[in-house]
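Colleague: Quick one: the structure is below, questions incoming.
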Amino acid sequence: MKYITLLTTFVFFFSVNTYSQSLTVSPASEHAGYSENTFPIYHSTLTLNRNMIKVGEVDIVNPITWSYSDEGLKVAFLQQKDQVYLTNYDASGVQLIDRSLEFFDNSDQTLRVYPFDDGRVIIRDNVANFTFFNAMGEQIYSVSNSSQSSDGERESELAADDMGQTIVLYNPLIVYGSDTGSRARIVYGENRNLVFYSDLEREISQLKVTDDGSYITLVTTDGNRQTVLIYDRFGNEIYRYVTDDDLLGVTISTDAEYITKYTSGRVQTFHITSGEVIGSTSTRGSIVTAYYFPEDEMIVALGGTISNRNLTNPTITAVHLGRREIVREDVSGPLSSIKPDEIEIVREYEGQFRIIGLNQHLEVSAGF
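Following the working numbering, the numbering of the sequence shown begins with 201 at its first residue and continues without gaps.
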């Protein structure tokens with residue numbers, strides 16, 4: 201386990217004007233022309249229009265709550281009829297589940313639905329209770345994630361990988377008298393779960409599961425210092441880093457060798473085992489997300505500000521750490537996101553990347 205409490209040496213990279221540098225950004229051809237209210241979901245579209253959501257050719261009016269799965273194969277709704285109903289659709293609008301939920305209260309302000317690509321659905325209700333349904337809409341089991349603190353707690357949250365194999369329920373804030381803490385557990389199945397993180401003085405500001413479900417990253421804060429933690433899928437802590445920086449988030453490389461942290465104006469990448477600072481760059485504005493791709497020795501960051509789903513002043517920054525060169529490009533066009541926390545940058549091949557989680561996927565080509 202590697203503990204890092206203080207770093208005093210930083211590597212800075214400055215823009216070098218060379219003819220070999222290039223950065224081109226364009227909407228994916230299949231999404232060109234999408235408005236800020238139209239989003240791609242698995243060979244189809246999802247369109248928002250005030251109180252109506254259109255999935256394929258189906259219109260859902262004024263749902264209590266709704267969400268779509270990571271790859272966009274499924275879109276689930278809780279709807280108010282004579283009672284609460286769970287409905288689930290595929291991306292083309294074919295209904296897969298239509299089930300009444302007689303024990304759910306439609307006035308519950310904490311209702312939330314989490315669909316998975318394989319058709320399974322999880323519903324949160326009553327602040328901290330999670331009910332699991334299979335792909336046919338049958339209830340399997342429930343898990344209470346209540347901390348039982350007499351002083352109260354914030355609504356529990358759920359994080360999972362793309363396939364829903366590693367599912368984490370967490371309390372981002374639990375009140376203990378004058379202190380606030382947090383807690384997280386991995387759910388393996390009915391009556392099988394593990395509390396792998398618990399702290400009486402630190403809140404969880406970010407918790408993510410990697411796309412393959414292998415690792416869980418946390419950012420926690422005590423109001424002064426922030427701690428970055430990485431766990432494996434079995435709840436074993438494998439990394440800890442303490443900083444005074446006001447972190448917006450962290451990402452780890454697909455090989456789990458490097459961690460990238462970003463603040464409102466700076467991105468840094470570390471080697472997880474040695475703690476070595478691999479590279480750092482300053483940015484002109486706030487960062488939405490940033491990733492390091494060791495195959496290309498390159499940091500790629502999306503900058504901008506998201507408000508009411510819209511991304512303003514979007515900028516792409518690419519930093520080649522081996523050549524100590526940086527390129528930036530402003531992005532035009534209406535960009536928006538339904539789930540800003542799930543915007544990702546993925547590598548397609550050498551020097552070619554795609555930014556997903558927006559109404560228009562962005563294709564990025566970086567040459568050095």
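All C-beta atoms in this analysis are idealised placements derived from N, C-alpha and C, irrespective of residue type, glycine included.
Go ahead and pull the three-state DSSP assignment for S398.
Modeller: In the sequence shown, counting from the first residue as 1, residue 398 sits at position 198. It is a strand residue.
Colleague: Where does D541 sit, in a helix, a strand or coil, going by DSSP?
Modeller: In the sequence shown, counting from the first residue as 1, residue 541 sits at position 341. Looking at D541 - three-state DSSP - the assignment turns out to be helix.
Colleague: Between the beta-carbon of F332 and the beta-carbon of S342, is there less than 9 Å?
Modeller: Taking the first residue of the sequence shown as 1, we reach residue 332 at position 132. Taking the first residue of the sequence shown as 1, we reach residue 342 at position 142. Yes.
Colleague: If you compare alpha carbons, which of R312, N249, E236 is closest to S267?
Modeller: Residue 267 sits at position 67 when you count from the first residue of the sequence shown. With distances taken between Cα atoms, S267 lies closest to R312.
Colleague: What did DSSP end up calling S229 once you bin it into helix, strand or coil?
Modeller: Residue mapping note: residue 229 aligns to position 29 of the sequence shown, counting from 1. Note: S229 maps to helix in three-state DSSP.
Colleague: Within 10 angstroms of its Cβ, does Y549 collect 16 or more other Cβ (buried), or is it exposed?
Modeller: By one-based count along the sequence shown, residue 549 stands at place 349. Flag for Y549 reads exposed.
Colleague: Taking only the alpha-carbon atoms, compute the straight-line gap between G272 and I241 and give it to the nearest angstrom.
Modeller: Position 72 of the sequence shown, counting from 1, holds the residue named residue 272. Position 41 of the sequence shown, counting from 1, holds the residue named residue 241. Spanning the two alpha carbons is a distance of roughly 4 Å.
Colleague: Are the beta-carbon atoms of N288 and P263 separated by less than 9 Å?
Modeller: Here residue 288 refers to the residue found at position 88 of the sequence shown. Here residue 263 refers to the residue found at position 63 of the sequence shown. No.
Colleague: Between the C-alpha atoms of P534 and S565, what's the straight-line distance to the nearest angstrom?
Modeller: Within the sequence shown, numbered from 1, the residue matching residue 534 stands at position 334. Within the sequence shown, numbered from 1, the residue matching residue 565 stands at position 365. The alpha-carbon atoms of P534 and S565 are separated by roughly 20 Å.
Colleague: Exposed or buried, I555, counting other C-beta atoms within 10 Å across all chains shown (16 or more means buried)?
Modeller: Mapped onto the sequence shown, residue 555 falls at position 355. Result: buried.
Colleague: Please state whether DSSP places E525 in a helix, a strand or coil.
Modeller: Locating residue 525 in the sequence shown gives position 325, where the first residue counts as 1. The answer is strand: DSSP assigns E525 an E or B state.
Colleague: Does DSSP put S482 in a helix, a strand or coil?
Modeller: Mapped onto the sequence shown, residue 482 falls at position 282. Correct three-state label for S482: strand.
Colleague: Short of 6 Å in beta carbon distance, which residues of its chain neighbour R354, apart from the five on each side in sequence? Order them along the chain.
Modeller: Taking the first residue of the sequence shown as 1, we reach residue 354 at position 154. The answer, listed in chain order, is P372, L373.
Colleague: With distances taken Cα to Cα, identify the nearest neighbour of I386 among G475, D259, V368, L358.
Modeller: Reading the sequence shown from its first residue, position 186 is the one you call residue 386. Closest by alpha carbon: V368.
Colleague: How would you label N559, buried or exposed, when you count the other beta carbons within 10 angstroms and need 16 or more for buried?
Modeller: Counting from 1 along the sequence shown, the entry for residue 559 is found at position 359. By the neighbour-count rule (16 or more Cβ atoms within 10 Å), N559 is buried.
Colleague: Mapping DSSP to helix, strand and coil, what is N513?
Modeller: Residue mapping note: residue 513 aligns to position 313 of the sequence shown, counting from 1. Correct three-state label for N513: strand.
Colleague: With burial defined as no fewer than 16 other Cβ atoms inside 10 Å of the residue's Cβ, what is the status of F569: buried or exposed?
Modeller: Absent from the model: residue 569. The displayed extent of the chain is 201 to 568, so no value can be given.
Colleague: Specify the secondary structure class of I322 as computed by DSSP and reduced to three states.
Modeller: Stepping through the sequence shown from its first residue, residue 322 is reached at position 122. I322 falls in the strand class under three-state DSSP.
Colleague: Excluding the 5 residues flanking I538 on each side, which residues of the same chain have their C-beta closer than 7 Å to its C-beta?
Modeller: Within the sequence shown, numbered from 1, the residue matching residue 538 stands at position 338. Contacts found: F239, R509.
Colleague: Look at V428 and Y415 and say whether their C-beta atoms are less than 9 Å apart.
Modeller: Start at 1 with the first residue of the sequence shown, and residue 428 comes out as number 228. Start at 1 with the first residue of the sequence shown, and residue 415 comes out as number 215. No, these two residues do not count as a Cβ contact at 9 Å.
Colleague: List the whole-angstrom C-beta distance separating T489 from L502, where the pair is believed to meet the contact cut-off of C-beta under 8 Å.
Modeller: Taking the sequence shown and counting its residues from 1, the one referred to as residue 489 is at position 289. Taking the sequence shown and counting its residues from 1, the one referred to as residue 502 is at position 302. With 8 Å as the limit, T489 and L502 qualify as a contact, their Cβ atoms being about 5 Å apart.
Colleague: Alpha carbon to alpha carbon, how far is V546 from L447? Give it in angstroms, no decimals.
Modeller: Reading the sequence shown from its first residue, position 247 is the one you call residue 447. Reading the sequence shown from its first residue, position 346 is the one you call residue 546. Going from the Cα of L447 to the Cα of V546 covers about 22 Å.
Colleague: Would you call S347 buried or exposed, if buried means 16 or more other Cβ atoms sit within 10 Å of its Cβ?
Modeller: Counting from one through the sequence shown, the residue named residue 347 turns up at place 147. By the neighbour-count rule (16 or more Cβ atoms within 10 Å), S347 is buried.
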